[in-house]
Amino acid sequence: MIAIDNIQPMGFMASAPLLHKGMKLLGESGRTYILIAPLVQRRIPNVWKAHQWNNEKDQFVIKHPQSDDSPVKGWPAFRKEMEMQRLFRPAKFIRKMVDAIPPRSDTEPTMMVLEPFEKTLWSARTRRPLTTREIKHIMKLALLGLREVHEKGLVYCDFKMENVLLNGFDDTDPASDDVAIPLRINAKLADLGSVMAPDRGEVTSITYRSPEVYLGKAWTSAIDIWAWGIAVRNSTALNMMDVLSNGPQSTFNSSRRRLIYIHPVYMIR
Numbered sequence: 001m002i003a004i005d006n007i008q009p010m011g012f013m014a015s016a017p018l019l020h021k022g023m024k025l026l027g028e029s030g031r032t033y034i035l036i037a038p039l040v041q042r043r044i045p046n047v048w049k050a051h052q053w054n055n056e057k058d059q060f061v062i063k064h065p066q067s068d069d070s071p072v073k074g075w076p077a078f079r080k081e082m083e084m085q086r087l088f089r090p091a092k093f094i095r096k097m098v099d100a101i102p103p104r105s106d107t108e109p110t111m112m113v114l115e116p117f118e119k120t121l122w123s124a125r126t127r128r129p130l131t132t133r134e135i136k137h138i139m140k141l142a143l144l145g146l147r148e149v150h151e152k153g154l155v156y157c158d159f160k161m162e163n164v165l166l167n168g169f170d171d172t173d174p175a176s177d178d179v180a181i182p183l184r185i186n187a188k189l190a191d192l193g194s195v196m197a198p199d200r201g202e203v204t205s206i207t208y209r210s211p212e213v214y215l216g217k218a219w220t221s222a223i224d225i226w227a228w229g230i231a232v233r234n235s236t237a238l239n240m241m242d243v244l245s246n247g248p249q250s251t252f253n254s255s256r257r258r259l260i261y262i263h264p265v266y267m268i269r
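Heads up, the sequence shown is in full-length UniProt numbering, so the first residue is 1 and it goes up one at a time.
What follows is the structure, given as structure tokens:
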């Protein structure tokens, strides 16, 4: 049974939201979740913020198939994402699926219950400039997440700043070079819906797309490292512009030497 009360029929209701604020959902674990608000701006939102029934501070993310995922074929894109979540359940640097909301019938989708995160790398960057230490720490954790994907012989295929989730990033205080501050930040990869084996064809957002994808060549996990490098560049762009505008050439050369170094075995120096 999927819900306790206040439930609307789901299934093929393309003209009405599948979920609504205040709805109670029962997970396979026996926990009850109450929906708070949608986290995406769509006509039919498929990602919701929720909290545990008896503890409003214990929050989660509820996700169900997008409206353009074919219910006739059993929501193939969403089922693939769930399979990847189960495959990477032991992973330390990928956002976990902590529970599932079972369907009431064959015409309804299963829903995922995911770890909550406060913001993305993209949203953090818009709040204030990141320090070099913060960038190195966050991007190292993101790179370790990519390594977990690559060790399975798979490619993440959608690396971008919006898919790096952060907890512990304080955007109210000015950026500080205190060595302890970056260690408070936890970063994980989100959204396993694009993960697949090496192939050819269009993958990855345009901004992060590698040359072999543009040229229609076969691609491998190297496209993830290219996209990761673009994210590093985007994260450091404001800092570098400030150096170029205000600092002498010697300062620029020194800063350039201190930029993050990509090592073949996924280490950052």
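Heads up, the beta-carbon is just placed ideally off N, CA and C, and yes, glycines get one too.
- Contact annotation, Leu121 with Leu166: C-beta distance approximately 6 Å; criterion of less than 8 Å satisfied.
- Distance from the CA of Gln41 to the CA of Val47, rounded to the nearest whole angstrom, comes to 9 Å.
- Judged by DSSP in its simplified three-state form, Asn46 adopts coil rather than helix or strand.
- Under the three-state reduction of DSSP, Leu121 is assigned to helix.
- DSSP places Ala197 in the coil class of the three-state scheme, outside both helix and strand.
- The beta carbon of Met111 is closer than 6 Å to those of Ile62, His64 and Ile101 in its chain, skipping five residues each way along the sequence.
- The C-beta separation of Ile223 from Val213 comes to about 6 Å, placing the pair in contact by the 8 Å criterion.
- Here the alpha carbon of Ser205 sits roughly 11 Å from the alpha carbon of Ser194.
- In terms of Cβ geometry, Gln52 and Arg31 form a close pair [threshold 8 Å].
- Taking 8 Å as the cut-off, the Cβ atoms of Met196 and Leu154 count as close.
- Per DSSP, Val203 is not a residue of any beta strand (DSSP E), being assigned neither H nor E.
- Within the stretch 25-84, not a single complete alpha helix (DSSP H) segment reaches 4 residues in length.
- For Ala142, no beta strand (DSSP E) run applies; the uninterrupted alpha helix (DSSP H) run containing it begins and ends at Thr132 to His150, by DSSP.
- Val179 and Lys57 have their C-alpha atoms roughly 29 Å apart.
- Judged by DSSP in its simplified three-state form, Leu189 adopts strand.
- By alpha-carbon distance to Pro129, the top candidate from Gly22, Lys21, Ser235 and His20 is Ser235.
- Between the alpha carbons of Gln59 and Lys49 lies a gap of roughly 7 Å.
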